[in-house]
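Beneath this line is the structure, given in structure tokens, with notes to follow.
See below:
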């Protein structure tokens, strides 16, 4: 305020800055006139407080406190020395300073050499100077209070009751407790009859532990972190979800998003690439088998493309009523197919399949392929769901040397295409664009040449024998529907959908691929290999299973596997499951011995085994003890008895069935048929004569195939562990950011990354614990300023 005084009055209010030495002292060696020493922060304080201790050498000690919100330059009096009444002069003085920074409940001393960066001291001389300071002293306090009131209107500046009011507005009350996982006591664990007395243990499946609550008022910093989830502007897109979880930065950088606020430094992966559903169509004639035969003949005459040039194909195409341009285009397509492929007599193909085979042939010719590619099978009325409508074809695989030669030419951009369209190459630009998008792979990695077939647009390349590939313009991935083709009205028949494994018809693609990849990973980690047992041998193993021994039960429990108390019932239940969806593995005797003896290292071994299966999207695993050195593991793509779905939260194979009468058609009338909607097997009951199309849509939850429709998955890097409280925060964050109607798959987080017991190792969360956490936002508590566990609140 001194600068606002008029000239004569300024002489009575002199002001100067006192120098701070590196040792934290201030020394005034000359007399001063009516002195007043002031201290002020050099920069404005937000959430930081300062405590300044000033010792007058040879005198008293003063402690000053600068509260959060104090502005830069807002001064407090340090020292007022008595002056001589006659001269008004005060004796020289020396001050020794120390400073402490305070943020919340933590404090940190400031080195003496750095005091000048945080605090400045000023000397005011003159009676008028002291009066001017006194008049303006309250102004600094008012401005600090105004800054504080403005700050609590922002989440970062709010504290105490202001944060509680924010929470009341959002329906996110402050928590009055914390949660932790309580390991089961000895008398609560699963037990086996005959190994204990009635007074020591209870019988039954036992307890896997539970989440318990302990009284604790949530600090402001943690509360502010939870409220931040619900305050940011949110558009629930994939990019927004990634931004909230990880923040800015590259994939190899540390987490800078909301997960970093809770101590998770690794970046989360968000996968949202939908898996392509597989489709299979099966025709069923009711009461009149000729209806199915008639439809087959109808589509051959009116819809399918006959590449041949014999009398029958020529007559079929000549009889169709088509525009001249379409007729000419079809004839040119047929001619190119004849030139590029060796075809069976009178073969017929779906129009789209014919077009894509032509594209593949043109790409092959541009890369140097000259010989004719052999097609063995097209539309076949008796070929089942794959062939009866002409939706697929069987072709012979190309030789490995030819595939490698074409891949090398493509990598070298050695593409032979005409500059202008010709009869053999009607669209050179399209062919060049298809090859530009192709990703060539060597024949060892891709013996089917799928990279070339996919470049032409074929969605399915499936090996059905050593010398045969099934290709289709639809995504089938080996899916087929089996069942009767002719039945009577009112009867009920069973239909089955199955993903046949490549090269092994009858085996399931998921189980075969999952076990093959799991075995490679397992033995690659230095573990003893297992033995796959099939058929009657598997059934014999199930029947020989014992009640889980007492020494092995804790090992199984720690690994996330159930103990077996009724082996006969388990064997019966396993026999009722689809045989193609389960597999039985006999573990090595050394591994079995560690499990049955209850060795601690067996826990890590079993966890690694389950993680290996889970990475291949197998759904469940069940361990059966047959003897001290004989242990088998049943692995399935469906829920298993006792175990349920303990590797993922859903079955690995999903099927959806539809049935519709295609003839006769009665507009506006519901189809007179009933069919089970879900499952690998279904029952069809037509209630009226006619021709019915049964459609199976399926998905296999394999690792490389992305996510299900309307779903995205959140995963953490291997080896990353999070606590129960961090898991709780993550689940609430995902519950808020996911779009309506979209599911979030967190199964891998729950199975491989949560450390419940705070021992630094992740363990699978028991099913009854995985959903036991506190929901942060509860609309019915809007207006409340504190909350405990849900059960506690419901009792009040």
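Residue numbers (my numbering): 10 to 805.
Where is the CB? At the ideal position from N, CA and C, for every residue including glycine.
Along the chain, where does the beta strand (DSSP E) containing residue i start, and where does it finish?
{"i": "residue 157", "result": "Not the beta strand (DSSP E): residue 157 falls in the alpha helix (DSSP H), residues 136–160."}
{"i": "residue 806", "result": "Coverage of the chain is limited to positions 10 through 805, which leaves residue 806 absent and any answer about it impossible."}
{"i": "residue 360", "result": "Element bounds for residue 360: not the beta strand (DSSP E) but the alpha helix (DSSP H), 360–375."}
{"i": "residue 24", "result": "23–27"}
{"i": "residue 436", "result": "Taken as a continuous stretch (DSSP letters only), residue 436 belongs to no beta strand (DSSP E), as it is neither H nor E."}
{"i": "residue 49", "result": "44–50"}
{"i": "residue 460", "result": "Run containing residue 460: none in the beta strand (DSSP E); it sits in the alpha helix (DSSP H), 459–464."}
{"i": "residue 382", "result": "382–386"}
{"i": "residue 125", "result": "Residue 125 -> no beta strand (DSSP E), and no H or E assigned at all."}
{"i": "residue 263", "result": "Unbroken run through residue 263: none, as it is neither H nor E."}
{"i": "residue 379", "result": "Looking at the DSSP string, residue 379 is not in any beta strand (DSSP E), and its letter there is neither H nor E."}
{"i": "residue 34", "result": "34–37"}
{"i": "residue 780", "result": "Here residue 780 belongs to no beta strand (DSSP E), and DSSP marks it neither H nor E."}
{"i": "residue 277", "result": "Per DSSP, residue 277 belongs to no beta strand (DSSP E) and is neither H nor E."}
Would you identify the three-state DSSP class for residue i, choosing helix, strand or coil?
{"i": "residue 251", "result": "helix"}
{"i": "residue 118", "result": "strand"}
{"i": "residue 509", "result": "strand"}
{"i": "residue 738", "result": "helix"}
{"i": "residue 491", "result": "strand"}
{"i": "residue 236", "result": "helix"}
{"i": "residue 749", "result": "coil"}
{"i": "residue 403", "result": "strand"}
{"i": "residue 356", "result": "coil"}
{"i": "residue 612", "result": "helix"}
{"i": "residue 785", "result": "coil"}
{"i": "residue 548", "result": "helix"}
{"i": "residue 774", "result": "coil"}
{"i": "residue 285", "result": "coil"}
{"i": "residue 662", "result": "strand"}
{"i": "residue 109", "result": "strand"}
{"i": "residue 730", "result": "coil"}
{"i": "residue 529", "result": "helix"}
{"i": "residue 269", "result": "helix"}
{"i": "residue 18", "result": "helix"}
{"i": "residue 496", "result": "strand"}
{"i": "residue 522", "result": "helix"}
{"i": "residue 349", "result": "helix"}
{"i": "residue 397", "result": "coil"}
{"i": "residue 534", "result": "coil"}
{"i": "residue 163", "result": "coil"}
{"i": "residue 632", "result": "strand"}
{"i": "residue 132", "result": "strand"}
{"i": "residue 183", "result": "strand"}
{"i": "residue 292", "result": "strand"}
{"i": "residue 717", "result": "coil"}
{"i": "residue 231", "result": "helix"}
{"i": "residue 343", "result": "helix"}
{"i": "residue 743", "result": "helix"}
Which residues does DSSP list as the beta-bridge partners of residue i?
{"i": "residue 188", "result": "222"}
{"i": "residue 479", "result": "403 and 471"}
{"i": "residue 244", "result": "Bridge partners of residue 244: none, in fact."}
{"i": "residue 503", "result": "692"}
{"i": "residue 542", "result": "593"}
{"i": "residue 41", "result": "99"}
{"i": "residue 668", "result": "703"}
Since residue i is in the alpha helix (DSSP H), which residue starts that stretch and which ends it?
{"i": "residue 625", "result": "Where residue 625 is concerned, there is no enclosing alpha helix (DSSP H), given that its DSSP letter is neither H nor E."}
{"i": "residue 724", "result": "First-last for residue 724: 720–724, but that is the beta strand (DSSP E), not the alpha helix (DSSP H)."}
{"i": "residue 756", "result": "756–761"}
{"i": "residue 418", "result": "409–420"}
{"i": "residue 177", "result": "170–179"}
How close, in whole Å, do the beta carbons of residue i and residue j come, if the pair is a contact with beta carbons under 8 angstroms?
{"i": "residue 425", "j": "residue 466", "result": "In fact, because the Cβ distance is near 21 angstroms, the residues do not count as touching under 8 angstroms."}
{"i": "residue 715", "j": "residue 284", "result": "5 angstroms"}
{"i": "residue 357", "j": "residue 399", "result": "6 angstroms"}
{"i": "residue 8", "j": "residue 402", "result": "The displayed coordinates of the chain run from 10 to 805. Any statement about residue 8 would go beyond what the structure contains."}
Quick check for students: name the residue ranges of the alpha helix (DSSP H) that lie wholly in the region 296–339, counting only runs of 4 or more. 299–311 and 320–327
Entirely within the region 552–609 and at least 4 residues each: give me those alpha helix (DSSP H) ranges in chain order. Counting only runs of 4 or more, we get 562–568, 576–584 and 598–605.
Whole runs of the beta strand (DSSP E) within the region 670–715, excluding any shorter than 3 residues: 682–684, 690–695 and 699–709
Fully enclosed by the region 635–660, which beta strand (DSSP E) runs are 3 residues long or longer? 639–645
Quick check on the DSSP output: what are the complete beta strand (DSSP E) runs of length 3 or more inside the region 53–107, in order along the chain? 58–65, 70–75 and 85–89
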